[in-house]
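Numbering-wise, the sequence shown is residues 10 to 183 according to the numbering used here. Glycine included, every Cβ here is placed at the ideal spot set by N, Cα and C. Following: one structure in structure tokens, then a few remarks.
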Amino acid sequence: MNICGYYPESINEGEGLRSSIFLSGCKHYCKGCFSARTWNFDYGEPFDKNRQLEIIAEMAANPLLDGLTLAGGDPFFSAAEAAAFLDLAREKIPELHVWIYTGYTFEQLAAKPDSAEYELLRRGQVLVDGRFVQELRDVSLLYRGSSNQRLIRIPESLERGEVILWERTVGLPV
Ligand code: SF4
10 MNICGYYPES INEGEGLRSS IFLSGCKHYC KGCFSARTWN FDYGEPFDKN
60 RQLEIIAEMA ANPLLDGLTL AGGDPFFSAA EAAAFLDLAR EKIPELHVWI
110 YTGYTFEQLA AKPDSAEYEL LRRGQVLVDG RFVQELRDVS LLYRGSSNQR
160 LIRIPESLER GEVILWERTV GLPV
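Right, here's the structure in full:
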């Protein structure tokens, strides 16, 4: 697994101040993708155990962080490795709050309970789902690029068996 970007602090990929890690590799090939270079699974730097522990230590030492965001590429094409990374991170930061970006829909991921993709899904709190659709591009949208994409509360949606949208909660870490 490679990463093609890492921001120790970002306010662009989810609510609050978050660490953002961009995992290389995507096979959705959306027209108008923000960075086609990220489709390549070998792009960027290796995300080996040492690098993972380095980033985890950096997150653990930052009291201002609200959580972590996994973006890409699409982390669900490296689902098993990404889930293992989250487990490792939570050994050090048990309450780590995680947003995940994907070109899959929530329904596609939730439909396969025995899959690595489902294991990654259930480790997150918020999913930004759906491919980027150029015709639906809207720069006024919060944390997403096109209006088909949704911000979804993962635990509540899995529990109820229907999509529960995330909405900004003023003043509370979410
Ligand atoms: S899912 Fe994201 S990274 Fe993948 S092609 Fe679409 S916009 Fe690009």
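In the structure shown, residue 55 adopts extended strand secondary structure according to DSSP, grouped into three states.
Under DSSP, the beta-bridge partners assigned to residue 11 are 55. 86 is the residue among 42, 38 and 86 whose C-alpha sits nearest the C-alpha of residue 11. Contact between the stretch 140–151 and the stretch 120–128 is not established, with fewer than three Cβ pairs separated by less than 8 Å. With a cutoff of 7 Å, residue 37 counts as near the ligand SF4, since its C-beta is closer than that to a heavy atom of the ligand. The Cβ neighbour count for residue 44, taken over all protein chains shown within 10 Å, is under 16; the residue is labelled exposed. In this structure residue 33 is not in contact with residue 112, their Cβ atoms being roughly 14 Å apart against a cut-off of 8 Å. Note on geometry: alpha-carbon atoms of residue 47 and residue 79 lie some 13 Å from one another. Inter-residue distance for residue 74 and residue 144 is about 34 Å (C-alpha atoms, whole angstroms). Take residue 15, set aside five residues on each side of it, and the residues of its chain with a beta-carbon closer than 6 Å to its own are 30, in chain order. One alpha carbon belongs to residue 170, the other to residue 101, and they sit about 31 Å apart.
With a cut-off of 7 Å, the C-beta of residue 43 is classified as near the ligand SF4, since at least one heavy atom of the ligand falls inside that distance. Within its own chain, the residues whose Cβ lies closer than 8 Å to the Cβ of residue 92, once the five positions on either side in sequence are excluded, are 125, 128, 129 and 132, listed in chain order.
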